[in-house]
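Shown next, in structure tokens, is the structure this report addresses.
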Amino acid sequence: MAIEDLRELLAEQSLTFLAGIPYVYHCHHYNLFHDQTIDDALGEAEGARVRTTAAHTAFRELLGAVFAATGATTPAERISLATEVFAWMGQGRISLDVSSAGGRARSPSLHYGFAWREKYGARVKRDEPTDAVAAGFAAATCELAFDLAADAITATETRCLATLDPECEFALTTGKGHLSRPPVDEATVRRYVIPPIRGLDEDRVAAIASGLLEFMRAVQGDERGLVAAFNVFVTAHLPGYYNETVYEAVHHIERTAPAGVAAAEALMREAGQVCVFNTFGNVLLSPEWEGLVGPVSGVPTDMMSFCTAIARGLGFGHWLVHEYEPRKRLVIQAASNYEVPFYRTRYGVAKKPRSYFVQGAALAMMLLCETVKWTERPQLTNAYYIDLFRGKPRYRVEQTRCVMRGDNLSEYVVDAL
Amino acid sequence: MPAMSATPALPEPGPAAFRLALTREVTCIRSLAWRTDLPVAIERSETGGGDPDGSAGGAGGRGPPPLRGIDWPRLGAALEAAGLVRRPPVGAMQRFATARGDELSLIPTTGRVQLRVHYTVPEHERRFAAERLFQLLFHALRRP
Amino acid sequence: MDRYIEQAVAEIPQLIGIFVTAMPDSLLFSSWVRDGTSWSAEDVAAYFGDLVRANREGLKALGSWSSEMQVTIESAESLVVLRELSSDFVAGCVFERTAPLGMVRLHLKRLLERITHVLPKVQPEDRPRGLRIMEFLDRYAPDPHAVALRVSLRAGISLDDLKMAGSLTPDQVQRLEETACKILGVKQLSL
Numbered sequence: 108m109a110i111e112d113l114r115e116l117l118a119e120q121s122l123t124f125l126a127g128i129p130y131v132y133h134c135h136h137y138n139l140f141h142d143q144t145i146d147d148a149l150g151e152a153e154g155a156r157v158r159t160t161a162a163h164t165a166f167r168e169l170l171g172a173v174f175a176a177t178g179a180t181t182p183a184e185r186i187s188l189a190t191e192v193f194a195w196m197g198q199g200r201i202s203l204d205v206s207s208a209g210g211r212a213r214s215p216s217l218h219y220g221f222a223w224r225e226k227y228g229a230r231v232k233r234d235e236p237t238d239a240v241a242a243g244f245a246a247a248t249c250e251l252a253f254d255l256a257a258d259a260i261t262a263t264e265t266r267c268l269a270t271l272d273p274e275c276e277f278a279l280t281t282g283k284g285h286l287s288r289p290p291v292d293e294a295t296v297r298r299y300v301i302p303p304i305r306g307l308d309e310d311r312v313a314a315i316a317s318g319l320l321e322f323m324r325a326v327q328g329d330e331r332g333l334v335a336a337f338n339v340f341v342t343a344h345l346p347g348y349y350n351e352t353v354y355e356a357v358h359h360i361e362r363t364a365p366a367g368v369a370a371a372e373a374l375m376r377e378a379g380q381v382c383v384f385n386t387f388g389n390v391l392l393s394p395e396w397e398g399l400v401g402p403v404s405g406v407p408t409d410m411m412s413f414c415t416a417i418a419r420g421l422g423f424g425h426w427l428v429h430e431y432e433p434r435k436r437l438v439i440q441a442a443s444n445y446e447v448p449f450y451r452t453r454y455g456v457a458k459k460p461r462s463y464f465v466q467g468a469a470l471a472m473m474l475l476c477e478t479v480k481w482t483e484r485p486q487l488t489n490a491y492y493i494d495l496f497r498g499k500p501r502y503r504v505e506q507t508r509c510v511m512r513g514d515n516l517s518e519y520v521v522d523a524l
Numbered sequence: 002m003p004a005m006s007a008t009p010a011l012p013e014p015g016p017a018a019f020r021l022a023l024t025r026e027v028t029c030i031r032s033l034a035w036r037t038d039l040p041v042a043i044e045r046s047e048t049g050g051g052d053p054d055g056s057a058g059g060a061g062g063r064g065p066p067p068l069r070g071i072d073w074p075r076l077g078a079a080l081e082a083a084g085l086v087r088r089p090p091v092g093a094m095q096r097f098a099t100a101r102g103d104e105l106s107l108i109p110t111t112g113r114v115q116l117r118v119h120y121t122v123p124e125h126e127r128r129f130a131a132e133r134l135f136q137l138l139f140h141a142l143r144r145p
Numbered sequence: 124m125d126r127y128i129e130q131a132v133a134e135i136p137q138l139i140g141i142f143v144t145a146m147p148d149s150l151l152f153s154s155w156v157r158d159g160t161s162w163s164a165e166d167v168a169a170y171f172g173d174l175v176r177a178n179r180e181g182l183k184a185l186g187s188w189s190s191e192m193q194v195t196i197e198s199a200e201s202l203v204v205l206r207e208l209s210s211d212f213v214a215g216c217v218f219e220r221t222a223p224l225g226m227v228r229l230h231l232k233r234l235l236e237r238i239t240h241v242l243p244k245v246q247p248e249d250r251p252r253g254l255r256i257m258e259f260l261d262r263y264a265p266d267p268h269a270v271a272l273r274v275s276l277r278a279g280i281s282l283d284d285l286k287m288a289g290s291l292t293p294d295q296v297q298r299l300e301e302t303a304c305k306i307l308g309v310k311q312l313s314l
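Written out as structure tokens, the structure is:
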């Protein structure tokens with residue numbers, strides 16, 4: 108069975124699944140900023156541990172489901188299929204030389220290491236490896252290939268492109284094993300979505316989102332297992348990874364350094380801004396968009412519809428514009444998003460709104476739609492990002508409703524200051 | 002961003018007299034994507050002269066040019082004849098790739114052309130790789 | 124000073140910009156750029172200042188530093204010449220790439236002599252280290268838009284305290300410096 112055939116779409120909620128496990132698309136800017144924020148919150152060693160564990164858990168869920176769906180049973184068959192799935196996702200091409208006692212893995216082209224070197228390599232020297240996602244993947248693959256218990260294998264990256272090694276290498280050793288957690292699969296996700304609501308300009312948003320979802324179906328890793336699309340490196344990624352790392356980090360800060368919670372939450376919102384600025388912005392200015400939808404008009408109400416369609420097209424869930432008054436107020440609602448099912452399954456009902464990613468994204472959508480001169484072909488550089496988001500704040504965002512908290516809907520209100 | 006100069010004008014008559022400039026495209030990955038714009042409304046001439054760097058005057062340099070439209074199917078065929086491989090279109094966008102993975106994306110409805118250098122090309126060589134793609138496009142436009 | 128520079132550069136057609144940087148903090152003192160150029164003078168001046176400082180330290184380490192040293196950079200699109208005017212000022216001149224080097228040197232000598240004449244004598248202020256570290260991070264951190272939040276989280280210094288980086292306690296400055304080194308991937312800061 109081809110990997111593409113394992114995809115499913117919950118169309119009315121704009122949620123995508125691979126073998127019944129949710130996946131979304133994020134670009135390298137978001138991925139790198141996300142991981143950096145986890146390390147800022149936890150420090151390098153603990154950050155790497157939490158990221159590797161999250162990837163390990165998330166890929167165990169995915170690969171277990173993929174092997175079940177395809178009937179892959181032998182170790183060789185499973186390892187081969189796993190590495191193909193990893194490359195298909197745009198995470199890189201990795202080779203594993205493993206037995207039931209562990210072994211090693213290596214890759215000349217992993218998304219995180221390659222993109223980190225491309226984005227930051229000329230600016231900053233890095234001492235720690237970047238590829239916790241690949242480490243978690245390698246450990247999960249090895250376990251499942253040999254029918255081992257969860258966490259029977261531990262993977263550590265020993266060499267990395269980002270630290271200027273010629274390729275990435277991982278050592279896989281036996282671990283302690285622990286009880287596996289319940290997977291967040293399609294059935295779980297369906298428990299935490301509400302019937303879709305029509306937003307402003309719904310027909311156009313739905314049509315564009317549908318076209319984008321169709322386009323994304325054809326996006327897959329090249330011979331190096333990387334995806335260069337929309338002028339960024341794109342990955343199909345597991346919400347379980349993002350969610351576990353974010354919420355473990357925030358909970359840790361809440362327990363150990365409550366004074367730092369505001370900064371941690373602000374950085375997690377900022378990750379949403381980084382995503383909208385880079386991914387949404389590059390999509391809007393790409394020839395692919397021009398081919399699919401036409402040149403952007405720059406009219407704020409159009410741009411808001413386009414941004415909402417992009418969110419749906421990337422599998423972020425059924426976002427909708429409930430209210431929009433340019434330069435004054437924006438109300439985004441979400442009948443589904445990729446954060447809620449994980450949080451409710453893993454932690455129960457939250458005490459406060461916690462969709463940090465969408466909070467930041469909503470604020471960025473307001474700014475991007477109103478400030479950027481889209482028809483003048485702006486360069487989406489770091490300097491431009493700073494111009495837009497730094498300095499005196501023009502808007503504030505508040506999440507007024509959150510399904511994680513038990514509300515019947517998630518809602519994000521952006522108001523002019 | 003200033004326009005870059007490109008290949009010199011070819012001596013033989015070509016499809017149209019218009020200015021082609023290679024500029025850096027909006028991109029997050031350094032120097033990977035480049036852009037030029039082909040005239041949409043202009044019609045192709047039997048006598049006009051190509052001029053990718055504008056050195057011969059470009060549009061308006063010789064009075065109102067007797068032009069006719071870009072023949073997009075013919076341009077696509079010329080790119081294929083030059084060794085590029087046609088890839089599945091994305092809506093109105095037509096895509097052509099070199100063996101290395103560099104890509105030319107054409108949008109006939111707007112005239113936009115994106116020249117995307119493969120990400121494995123080292124950063125300092127990307128500009129030259131883009132110029133080679135640009136030359137390829139230019140020669141395809143001039144192909145009878 | 125800006126007006127004086129404009130007069131001085133009028134006779135050099137291939138000059139694109141000139142930046143005078145006040146040391147040791149690499150702050151823009153004065154600049155001129157050709158119309159149609161969209162550079163951030165503050166950023167360019169700061170980077171040029173840091174570059175000259177790094178060059179000076181490198182040459183000192185080699186035992187070959189002299190106050191007459193000049194840095195010439197031939198990039199794909201421009202020719203950049205950096206020169207220490209005095210212990211307090213650095214000048215960076217950006218020429219079109221096609222400008223002949225001999226002509227550049229000739230123009231530069233005259234231009235810098237005239238500028239040096241009108242530079243003030245300064246008494247460098249000993250600015251607080253915390254402030255200088257934050258400014259350094261602004262210039263070199265990989266995501267400058269998020270650097271205050273990152274520092275706050277990593278160093279355990281509140282955002283309010285970081286806004287007054289000149290008033291940090293010695294312990295906070297030490298944590299700030301360690302965090303800055305970590306963010307930049309360096310063992311020590313070249314301030």
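In order, the protein sequences belong to chains A, B and C. For the first sequence, the working numbering gives the first residue as 108, with consecutive numbering after it. For the second sequence, the working numbering gives the first residue as 2, with consecutive numbering after it. For the third sequence, the working numbering gives the first residue as 124, with consecutive numbering after it. We treat Cβ as the ideally placed atom computed from N, Cα and C, and that holds for glycine.
Helix, strand or coil at residue i according to DSSP, with G and I counted as helix
i: LEU470 of chain A; result: helix
i: GLU293 of chain A; result: helix
i: THR342 of chain A; result: strand
i: ALA212 of chain A; result: strand
i: HIS429 of chain A; result: strand
i: ASP238 of chain A; result: coil
i: MET287 of chain C; result: coil
i: GLN185 of chain B; result: Because residue 185 of chain B is not part of the residues shown, which for chain B are 2 to 145, the question remains open.
i: ASP72 of chain B; result: coil
i: TYR502 of chain A; result: strand
i: ASP522 of chain A; result: strand
i: CYS476 of chain A; result: helix
i: THR292 of chain C; result: coil
i: PRO147 of chain C; result: coil
i: LEU525 of chain A; result: Limits of chain A in this structure are 108 at one end and 524 at the other, which puts residue 525 of chain A out of reach.
Proximal residues of chain E, C-beta to C-beta of residue i below 7 Å
i: ILE108 of chain B; result: Looking for chain E here will not work: the only protein chains present are A, B and C.
Rounded Cβ spacing between residue i and residue j (contact assumed at less than 8 Å)
i: GLN380 of chain A; j: LEU470 of chain A; result: 6 Å
i: ARG262 of chain C; j: VAL296 of chain C; result: In fact, because the Cβ distance is near 18 Å, the residues do not count as touching under 8 Å.
i: ILE256 of chain C; j: LEU299 of chain C; result: 5 Å
i: ALA164 of chain C; j: LEU151 of chain C; result: 5 Å
i: GLN440 of chain A; j: LEU345 of chain A; result: About 25 Å separates the two Cβ atoms, so there is no contact after all.
Nearest residue (CA-CA) to residue i, options the options
i: TRP223 of chain A; options: A:ALA175, A:VAL192, A:CYS134, A:HIS163; result: A:CYS134
i: LEU139 of chain A; options: A:VAL479, A:VAL456, A:GLU377, A:TYR502; result: A:GLU377
i: GLN193 of chain C; options: C:ALA199, C:VAL213, C:GLU248; result: C:VAL213
i: LEU307 of chain C; options: C:LEU291, C:PHE259, C:MET287, C:SER275; result: C:PHE259
i: LYS244 of chain C; options: C:LEU282, C:VAL309, C:SER210, C:GLY181; result: C:SER210
i: LEU21 of chain B; options: B:ARG88, B:ARG144, B:GLY112, B:LEU85; result: B:GLY112
i: PRO290 of chain A; options: A:GLY405, A:VAL390, A:ALA314, A:ILE128; result: A:ILE128
i: GLY282 of chain A; options: A:THR408, A:ARG305, A:ALA257; result: A:ALA257
C-beta atoms of residue i and residue j nearer than 7 Å
i: LEU76 of chain B; j: PHE97 of chain B; result: no
i: THR239 of chain C; j: LEU208 of chain C; result: yes
i: ALA179 of chain A; j: LEU188 of chain A; result: yes
i: LEU60 of chain A; j: LEU113 of chain A; result: No statement about residue 60 of chain A is possible, as the shown extent of chain A runs from 108 to 524 and does not include it.
i: GLU248 of chain C; j: GLN137 of chain C; result: no
Boundaries of the alpha helix (DSSP H) in which residue i is found, first to last residue
i: ALA184 of chain C; result: 164-185
i: HIS268 of chain C; result: That residue, HIS268 of chain C, is in no alpha helix (DSSP H); it is neither H nor E in DSSP.
i: ALA162 of chain A; result: 151-177
i: HIS218 of chain A; result: 218-227
i: THR37 of chain B; result: First-last for THR37 of chain B: 34-38, but that is the beta strand (DSSP E), not the alpha helix (DSSP H).
i: THR190 of chain A; result: 182-195
Segment limits, beta strand (DSSP E) that includes residue i
i: GLY199 of chain A; result: 199-206
i: MET253 of chain A; result: Note that residue 253 of chain A is Phe in the sequence shown, not Met. It is not in any beta strand (DSSP E) - PHE253 of chain A carries neither H nor E in the DSSP assignment.
i: THR195 of chain C; result: 193-197
i: TRP396 of chain A; result: Note, TRP396 of chain A: premise wrong, no beta strand (DSSP E); alpha helix (DSSP H) at 394-399.
i: GLN115 of chain B; result: 113-117
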